[in-house]
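Novice: Numbering (our numbering), first residue to last: 41 to 299. Yeah, the Cβ is synthetic: ideal placement off N, Cα and C, and Gly gets one too. Since we're looking at a predicted model, the values are computed, not measured. Following this message is one structure expressed as structure tokens.
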């Protein structure tokens, strides 16, 4: 998307690589479920020479590399145990993120002993990225909770859904919360529609998305207090005429919307 933002690139102290421990913990906890899903659901294809994997919202690593390693190991295990007469295919991994993502760092830090070929695919995952029926396994972790845009109605002064002075919605009115929920539903529908066309027969889509327990309010999210602190800090900086070098009005996290 034209107004999209990306995670901080590079490998410095402020980079995503050095500040994504929470995402890594989520990926580590999900590894067993991903492996089990591959063993139970993925269908092996006869005469398949290249097994294609796509990671949607890869950022700059190293989390994406950990996920890909788990996926390939599980697929290899399935071939060895359930398809002994099938030849092991080669693996081709497509790393997708916005065009402004730091792909240079991503490819510079590719694991040296990897068992796959790699390519970068810039573009929004809310649209088509690959030919029809071309991807055998799709993966997306800690990416789909980011909205493609701020709901327009929450930025209009005088609107019942105007979210004045806030960058998120945990403490906002029900109308504002509903506006963000509707935006998330629109985004996830676009994502799934695009993926349904790209998924190969017998393939598998794995999505790891932050969430909240049923019946809880957005303000009860574990991230709500962090976002509130960030919002207050940005507001104070604006009042003091301190330059805020970011695009925080252009994209907002869905803040663990429960659908």
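Taking 7 angstroms as the cut-off, is the CB of residue 189 close to at least one heavy atom of the ligand ZN?
Specialist: In the structure shown, the ligand ZN is absent, as is every other ligand, since no ligand is present at all.
Novice: Hey, residue 101 and residue 146: beta-carbon distance below 8 angstroms or not?
Specialist: yes
Novice: Where does residue 214 land, buried or exposed, given buried means 16+ other C-beta within 10 angstroms?
Specialist: exposed
Novice: Is there contact here, the segment 255 to 264 with the segment 189 to 207, by at least three beta-carbon pairs under 8 angstroms?
Specialist: Contact between the segment 255 to 264 and the segment 189 to 207 is absent, with fewer than three C-beta pairs closer than 8 angstroms.
Novice: Where does residue 229 land, buried or exposed, given buried means 16+ other C-beta within 10 angstroms?
Specialist: exposed
Novice: Just to confirm, are residue 169 and residue 141 a CB contact at a threshold of 8 angstroms?
Specialist: no
Novice: Which residue or residues does DSSP assign as beta-bridge partners of residue 248?
Specialist: Listed as beta-bridge partners of residue 248 by DSSP are 181.
Novice: Unbroken beta strand (DSSP E) runs of length 3 or more, entirely within the segment 78 to 126: which are they?
Specialist: 90 to 96
Novice: Using DSSP's beta-bridge definition, name the partner residues of residue 160.
Specialist: 135
Novice: Measuring CA to CA, which of 275, 103, 166 and 90 is closest to residue 116?
Specialist: The option with the nearest alpha carbon to residue 116 is 90.
Novice: Measuring CB to CB, does residue 111 end up less than 8 angstroms from residue 185?
Specialist: Contact: no.
Novice: Tell me where the alpha helix (DSSP H) around residue 218 begins and ends.
Specialist: 214 to 238
Novice: Indicate the three-state DSSP secondary structure (helix, strand or coil) for residue 76 in the structure shown.
Specialist: Three-state result, residue 76: helix.
Novice: Cutting at 7 angstroms between CB atoms, please list the residues of its own chain near residue 81, excluding the five before and the five after it.
Specialist: 244
Novice: Measuring straight from C-alpha to C-alpha, what distance separates residue 159 and residue 95?
Specialist: So the alpha carbons of these two residues sit roughly 11 angstroms apart.
Novice: Which value, in whole angstroms, describes the spacing of the CA atoms of residue 271 and residue 54?
Specialist: 19 angstroms
Novice: Which one of 277, 239 and 265 has the shortest CA to CA distance from residue 92?
Specialist: 239
Novice: Take residue 216 as the anchor and find which of 246, 198, 150 and 105 has the nearest alpha-carbon.
Specialist: 198
Novice: Just grab the DSSP bridge partners of residue 51 for me.
Specialist: Note: residue 51 sits in no beta bridge, so no partner.
Novice: Please report the distance separating the alpha-carbon of residue 76 from that of residue 70.
Specialist: 10 angstroms
Novice: When you compare the CB positions of residue 268 and residue 189, do they come within less than 8 angstroms of one another, or not?
Specialist: no
Novice: In angstroms, rounded to a whole number, what distance separates the CA positions of residue 207 and residue 235?
Specialist: 30 angstroms
Novice: Can you give me the start and stop residues for the alpha helix (DSSP H) that residue 196 sits inside?
Specialist: From DSSP, residue 196 is part of no alpha helix (DSSP H); its letter is neither H nor E.
Novice: Report the three-state DSSP secondary structure of residue 144 (helix, strand or coil).
Specialist: helix
Novice: From the DSSP output, in three-state form, read off residue 280 for me.
Specialist: coil
Novice: By DSSP, does residue 241 sit in helix, in strand, or in coil?
Specialist: strand
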